[in-house]
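Structure record follows, encoded as structure tokens.
In my numbering, the protein residues as written are 163 to 689.
Here it is in structure tokens:
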């Protein structure tokens, strides 16, 4: 049976390898943008000749528009040409922003450039997740794990590119100098987007600017440039540039993709054409706002809300931990040296990247709900042990590594789990991505405020509270999905899937996926 599943996944990948690799590469662009700002922020302060309090506002600018981009990204997923065009424009925008940042010598111009990059990042985030779920459906966990691995890869590459070009001393030459140690400490403090407790730091704003960070941004712009080129090649391959192409072609129609794998494309196209000529497109949250939405069970909406809350807290933990683990480590009672504490953020991102890479083969063998249970329990146990051994610097590194490994799979597994329960209707992905972005933005601000007023120990306490809340909402999600499953089994003729198909949303037929169990269908695969 496992061999049959592996053959099905391989056949699906062969049919959609160019789409899949394109979305993976787009997420690499997303990863590049995630981590470049923290290490380079002091050099950007010199470039704009602004105060430290002023330059940290660009963090909020990028994060806020990332949330906006995640929200509106679903509007571009109606058709193949719209989705790929949005991805191409967004990834090209990231390269343009990287190239333009060294030319932004005014703070407002820099904030505007980073807001544009945040908007592009949000669109990439939503579209890439949504389309991979639409392609692979019940097998999407494996490919979502790989997708999010590329975020971690980009987040690791970006600081490595920037590091040789960072200033070791004050990059604005004034009447006095700032030593390299204090600058390294401040840079590590800001590397996690830490915008609190910088009012007491005074750096020169007037004088000669000496920085080479421009080369780092130009290198990243060149590295990212193949991504929009690959998307344009895919659009040409799909004949989306020709006048005769059908602009209403749905991207990653579940039945079309599934039947394409078994060589029954022509039948699917006929059925799809008949349905699409008589049905209108559905908006971003159209699956939740249909005319007969009152006939949906409460569990249908509960799964959206609870799944979003799970990711709200899990991504909130990721954002707050990367933002404040350095500040926690250098403060009492830990009192780590600045250079040693600076490695904690790198260890955390490396653990997330390794965790997502190792989760790819695990997703072949275990269902996403089992991986989620292990991940959620692992996060709570790790945070509890970090609280118990709060005076141990060795365990801080061990716990940081374990936390990154456990939390790495929560996003892709939750996304695959909720979409599977809701039968791949699409709006769940948009809700999940938007909720995750909101949690990363809001909980990071909350943790910073609490640490500022209550002290560094509240950092781990906040993480423990967020972990318990995320686990509680996951337990509720598990029971609600059981209720939803019982409802759809009891009323199959009135299931949400059929009502959605009546309103123009096509879902993957279970009969198509189950057809792999018959030898006749298996023998019909085109090698």
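Note that the Cβ used here is the ideal one computed from N, Cα and C, for glycine as well.
Note that the structure is predicted; figures quoted are calculated from it, not measured.
| Span of the alpha helix (DSSP H), counted from its first residue to its last, around residue 386 | 375-386
| message | In whole angstroms, give me the CA-to-CA distance for residue 203 and residue 590. | response | Rounded to whole angstroms, residue 203 to residue 590 spans 35 Å at the Cα level.
| Are three or more beta carbon pairs between the region 506-515 and the region 285-297 nearer than 8 Å? | no
| query | Would DSSP call residue 580 helix, strand or coil? | reply | Residue 580: helix per DSSP, three-state reduction.
| request: Would you decide whether residue 445 is buried or exposed? Buried here means 16 or more other CB atoms lie within 10 Å of its CB. | output: Interpretation of residue 445 is limited by its pLDDT of 45, a score under 50 that renders its predicted location unreliable; no figure is taken from the coordinates.
| said: In the DSSP output, what is residue 596 paired with across the bridge? | reply: Looking at the DSSP assignment, residue 596 forms no beta bridge with any residue, so it has no partner.
| field | Whole alpha helix (DSSP H) elements within the region 489-550, 4-residue minimum | value | 500-503, 505-527 and 530-550
| query | Cα-Cα, which of 601, 375 and 300 is closest to residue 324? | reply | 375
| said: Going by DSSP, what residue range makes up the alpha helix (DSSP H) through residue 310? | reply: 302-324
| For residue 565 and residue 266, the rounded distance between their alpha carbons | Taking C-alpha positions only, residue 266 is separated from residue 565 by approximately 37 Å.
| residue 542 to residue 197, Cα distance in whole Å? | 26 Å
| Expressed to the nearest angstrom, what Euclidean distance is found between the alpha-carbon atoms of residue 169 and residue 307? | 19 Å
| query | By a C-beta neighbour count over all protein chains shown, 10 Å radius and 16 as the cutoff for buried, is residue 497 buried or exposed? | reply | exposed
| said: In the DSSP assignment, the alpha helix (DSSP H) including residue 133 goes from what residue to what residue? | reply: Here the chain covers residues 163 to 689 and nothing more, so residue 133 does not appear.
| query | If you compare alpha carbons, which of 185, 176 and 505 is closest to residue 311? | reply | 185
| Where does residue 550 land, buried or exposed, given buried means 16+ other C-beta within 10 angstroms? | exposed
| task | State the DSSP-derived secondary structure class of residue 233, mapped to helix, strand or coil. | result | helix
| field | Beta-carbon proximity check, residue 522 vs residue 313, cutoff 8 Å | value | no
| request: Please report how far the alpha carbon of residue 575 lies from the alpha carbon of residue 468, in whole angstroms. | output: 14 Å
| request: Please state if the CB of residue 238 and the CB of residue 248 are separated by a distance shorter than 8 Å. | output: yes
| query | So what's residue 241 in DSSP terms, helix, strand or just coil? | reply | Three-state result, residue 241: strand.
| request: Confirm, please, whether the CB-CB distance from residue 245 to residue 188 is below 8 Å. | output: Going by C-beta atoms, residue 188 is not nearer than 8 Å to residue 245.
| task | Name the two residues that bound the continuous alpha helix (DSSP H) containing residue 272. | result | Residues 269-298.
| request: Kindly confirm or deny that the region 615-626 and the region 520-535 touch, where touching means at least three C-beta pairs closer than 8 Å. | output: no
| query | Got a sec, what are the start and stop residues for the alpha helix (DSSP H) residue 569 sits in? | reply | For residue 569, the enclosing alpha helix (DSSP H) has its first and last residue at 555-569.
| request: Pull up the distance between the alpha-carbon of residue 258 and that of residue 383, whole angstroms please. | output: Cα-Cα distance, rounded: 7 Å.
| When you compare each of 507, 474, 540 and 180 to residue 489 by their alpha carbons, which one comes out closest? | 507
| query | Sorry if obvious, but does the Cβ on residue 325 come closer than 7 Å to a heavy atom of the ligand ATP? | reply | Among the components modelled here there is no ligand, and therefore nothing to report on the ligand ATP.
| message | Buried or exposed for residue 176, going by 16 or more other Cβ atoms inside 10 Å? | response | exposed
| Given that a residue counts as buried once 16 or more other Cβ atoms are within 10 Å of its Cβ, and exposed if not, what is residue 614? | Residue 614 comes out exposed.
| request: Given a cut-off of 8 Å, decide if residue 475 and residue 601 are closer than it, judged by their beta-carbon atoms. | output: yes
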